[in-house]
Amino acid sequence: MTLTPIPRLILGLSVPAVISMLVTNIYNLVDTAFVGRLGTSASGAVGIVFGFMAIIQAFGFMFGQGSGSILSRALGNRDVKSASVHATAGFLGSFLFGLMICIFGFIFLDDVVYLLGSTDTIAPYAKTYISYILISAPFMCSCLTMNNILRYEGKAFLGMIGLMSGAVLNMVGDPILMFGLKMGISGAGLSTALSQLVSWGILLWMFLTGKTESKLSFGNARLIKTAMVLNIMATGFPSLLRQALNSITTVLLNSSCADYGDAAVAAMSIVSRITFFAFSVALGVGQGFQPVSAFSYGAKRYSRLRKGFKFACLMSEGIILVSCTVLIVFSGSLIGLFRDDPEVIRIGTRALRLQALATLALPPCMVVEMLYQSTGKRLGASILSSLRNGLFFIAALIILPRLRGLAGIQEAQPLSLIVSVPFFVIFALLFFRRLPREEVSAEEGTGEA
């Protein structure tokens, strides 16, 4: 972590993260395509439940990013015991929160489905699909936490194995359960739940068999203090805020689209998944930067932090430039792969082109946000998390549809991304202006992680 050249280190940490993101998103796209064969309403249901899954993921990321950032800095200071206690606290916290989501989700199932933006025709499909997601919520939540901890340890390859195993199982299970066993959308939900359980088991096994530096154990659980859990949650709060706002904006987007029919809901759901797939490679680079940032900051190797930031920005921007060019050129054909409905294709094509153009500005913003969170700058990270895909997007979704109808819905997210860019530039300048130039000597900072 302190001796490997920055480009090679970030690339080494990024490749497993990129592969994990690609495989997971390929599953999401394949799932969308399979469900799309059941009809436009079923396709819309996937988009509806996607907003709820973001809530589950929000708590997984909060505990994972929070405990991961703290334990990585602890490892930078060579405090393995503290790292293990924080890892255990993060895992247990995420599992318990996932369990609470499961319980309350079933109690208020009907209300949840309509709150997420279902129409009357989409609701039956959404309730069936979301029931399986609720069952898997504790495993999905803690699975994300373990994966984040592994990334912050610099063991992204192990996290990749766990996530890929579940994603591949999901892709295989979808056609078998949906069409082979004629379970329809229930098959898609069951396949997702089973894949999450498998990923959870594989990742937990890695922690319990000594493949990680931090350890999950009952002994560590006894050392957990309330202040420690609150510190984890506060450090991970920007991730919770970001994901929660993503969920809110997804609900608002679905609700806005519902006024224009199931085709609009399905189209924007497909666009969101395609765009995120294209962005996932650049996001993987950012995830590779996070442990480098946290460890370098904890070890006071500030020059490495600066070099890592520049490299991550340039590499992620180069990747997204290629990805978005493909989306712009082949937008109509890509939408048609997931739902062969002329109205869905018409609505989705314009939205996808606008999203792709705006996404070109996103990679540096993402790296700045990860920089603040990985170095424990909670307030700055929280502010940045609330802007990009949150407050600006919410405001755009409230205002633009009233002025421009469906076109305003298509334009809302691209506009919110562009408006947020100056704020990220200012925060980056402030961070590096305040970052010390001095760092510990090479002899003091060459501990391995």
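Okay, so the sequence shown: first residue is 757 according to our numbering, each after it adds one.
Note that CB positions come from ideal geometry on N, CA and C, so glycine has one too.
Extent of the continuous alpha helix (DSSP H) run through residue i
i     : result
G1117 : Note on residue identity: the sequence assigns Ala, not Gly, to residue 1117. Segment: none, A1117 is in no alpha helix (DSSP H) and carries neither H nor E.
G992  : 982 to 1014
E909  : 893 to 909
K837  : 836 to 863
T796  : 796 to 832
I747  : Residue 747 lies beyond the stretch modelled for the chain, which goes from 757 to 1205, so this question has no answer here.
L1147 : Careful: L1147 lies outside any alpha helix (DSSP H) and carries neither H nor E.
R1190 : 1162 to 1190
T1031 : 1018 to 1054
I958  : 941 to 964
D930  : 912 to 931
R1134 : 1134 to 1142
G975  : 974 to 977
Local Cβ density within 10 Å of residue i, reported as buried at 16 or more and exposed below that
i     : result
M856  : exposed
S1197 : Confidence in S1197 is poor, its pLDDT being 45 and thus under 50, which makes the residue's placement too unreliable to answer from.
G1042 : buried
E1199 : In this prediction, E1199 scores a pLDDT of 39, lower than 50, which makes its location untrustworthy; no coordinate-derived value is stated.
W961  : exposed
S1059 : exposed
V1048 : buried
G1201 : With a pLDDT of 40 at G1201, under the threshold of 50, the modelled position of that residue is not reliable, and no figure is offered here.
P1119 : buried
A983  : exposed
S734  : Residue 734 falls outside the range modelled here, since the chain spans only 757 to 1205, and no answer is possible.
D1096 : exposed
F862  : exposed
R1029 : buried
R1189 : exposed
R1193 : exposed
I1103 : buried
T1131 : buried
G1161 : exposed
I762  : buried
A1205 : Confidence in A1205 is poor, its pLDDT being 34 and thus under 50, which makes the residue's placement unreliable; the coordinate value appears in the next sentence. Label assigned to A1205: buried.
I766  : buried
Closer than 9 Å to chain B by CB, residue i
i     : result
R1193 : In the structure shown, chain B does not exist; there is a single protein chain.
Under 9 Å between C-beta atoms of residue i and residue j
i     : j     : result
I1165 : L1009 : yes
A843  : K971  : yes
R813  : F895  : Here the sequence assigns Gln to residue 813, which means Arg is not the residue at that position. Their beta carbons are not under 9 Å apart, which means Q813 does not touch F895 by this criterion.
M989  : F819  : yes
S1138 : P931  : no
S1142 : L914  : no
A1019 : E1099 : yes
L1171 : A1152 : yes
V779  : V924  : yes
Y835  : M927  : Sequence check: residue 835 is Asp here, not Tyr. No, Cβ-Cβ distance for D835 and M927 is not below 9 Å.
F847  : S823  : yes
G910  : L769  : yes
G966  : T901  : no
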